[in-house]
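What follows is one structure encoded as structure tokens, with my remarks underneath.
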Amino acid sequence: MPDLRTTLRTTAAAAAMTAAMVGLGAGSAHAAGWPPLHQGGYLYTGANGSGAVTSVNLGDLGTCHTLAAPVRSVQVANGAASVVLYTGAGCTGAHPWATGSLAQSDLPSAALSYRVVPA
Numbered sequence: 073m074p075d076l077r078t079t080l081r082t083t084a085a086a087a088a089m090t091a092a093m094v095g096l097g098a099g100s101a102h103a104a105g106w107p108p109l110h111q112g113g114y115l116y117t118g119a120n121g122s123g124a125v126t127s128v129n130l131g132d133l134g135t136c137h138t139l140a141a142p143v144r145s146v147q148v149a150n151g152a153a154s155v156v157l158y159t160g161a162g163c164t165g166a167h168p169w170a171t172g173s174l175a176q177s178d179l180p181s182a183a184l185s186y187r188v189v190p191a
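Right under this line is the structure:
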């Protein structure tokens with residue numbers, strides 16, 4: 073049976089590890105230049121959340137939206153919806169790319185259209 077000192081050391085080590093992991097995650101996003109994560113969906117014309125921003129109506133499920141300019145990164149913070157991005161206009165293209173309901177990512181290729189789907 074562990075004594076009080078062992079329990080305290082284990083708890084302190086777990087807290088330090090958690091703080092380090094959280095710090096690494098936040099540092100990585102900040103170092104990459106991402107804007108702060110906000111509720112909603114956002115598409116960016118540049119990598120790492122840079123360039124012109126298009127807000128995504130996450131309540132508009134199923135409608136295909138063709139963009140005025142290609143996007144290269146996406147940020148989604150919503151528990152109920154995700155975004156599927158397509159390389160072609162009119163939600164076409166060989167390899168659609170989907171976010172989760174919490175995502176901050178550069179796209180594998182520029183996207184010209186998107187559709188909101190349930191998460």
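Position in the sequence shown (from 1) plus 72 gives the number in the numbering used here.
C-beta: ideal position from N, C-alpha, C; glycine also.
**Report entry** Nearest to GLY105 (by Cα), restricted to the options LEU157, TYR116 and CYS163
**Finding:** Residue numbering aside, residue 105 sits at position 33 when the sequence shown is read from its first letter. The shortest C-alpha separation from GLY105 is found at TYR116.
Query - Local Cβ density within 10 Å of GLY151, reported as buried at 16 or more and exposed below that - result: Mapped onto the sequence shown, residue 151 falls at position 79. GLY151 should be labelled exposed.
Query raised in the report: Could you give the residue range of the beta strand (DSSP E) that holds SER185?
Result: For the purposes of this step, residue 185 is taken as the residue at position 113 of the sequence shown. Note, SER185: beta strand (DSSP E), 174-190.
Requested in this report: Just the C-alpha distance for SER177 and SER185, rounded to the nearest angstrom, thanks.
Outcome: On the sequence shown, position 105 is the one that residue 177 refers to. On the sequence shown, position 113 is the one that residue 185 refers to. Each residue's alpha carbon lies about 16 Å from the other.
Query - Alpha carbon of VAL128 to alpha carbon of TRP169, nearest angstrom - result: For the purposes of this step, residue 128 is taken as the residue at position 56 of the sequence shown. For the purposes of this step, residue 169 is taken as the residue at position 97 of the sequence shown. Answer to the nearest angstrom: the Cα atoms are 16 Å apart.
Query - Start-to-end residues for the beta strand (DSSP E) that takes in LEU109 - result: As a position in the sequence shown, residue 109 is number 37, starting the count at 1. It is not in any beta strand (DSSP E) - LEU109 carries neither H nor E in the DSSP assignment.
Requested in this report: Determine the DSSP secondary structure at ALA161, reduced to helix, strand or coil.
Outcome: Against the sequence shown, residue 161 aligns to sequence position 89. The answer is coil: DSSP assigns ALA161 none of H, G, I, E or B.
**Report entry** Other residues of its chain near SER154: CB distance less than 8 Å, five sequence neighbours each side excluded
**Finding:** What you label residue 154 is simply residue 82 of the sequence shown in a count that begins at 1. Cβ-Cβ distances below 8 Å link SER154 to VAL148, ALA170, THR171, GLY172, SER173, ALA175, VAL188, VAL189, PRO190 and ALA191 in the same chain, with the five nearest sequence neighbours on each side left out; the list follows chain order.
Query raised in the report: Which residue's Cα is closest to the Cα of GLY160: ALA183, GLY131 and VAL146?
Result: Along the sequence shown, one-based indexing puts residue 160 at 88. Per the Cα distances, ALA183.
Query raised in the report: Roughly how many whole angstroms lie between the Cα atoms of LEU130 and GLY113?
Result: In the sequence shown, residue 130 corresponds to position 58, counting from 1. In the sequence shown, residue 113 corresponds to position 41, counting from 1. The straight-line gap from Cα to Cα measures roughly 7 Å.
Query raised in the report: Does the Cβ-Cβ distance between ARG144 and GLY162 come in under 8 Å?
Result: By 1-based counting over the sequence shown, the position of residue 144 is 72. By 1-based counting over the sequence shown, the position of residue 162 is 90. Taking 8 Å as the cut-off, the beta carbon of ARG144 is found no closer than this to the beta carbon of GLY162.
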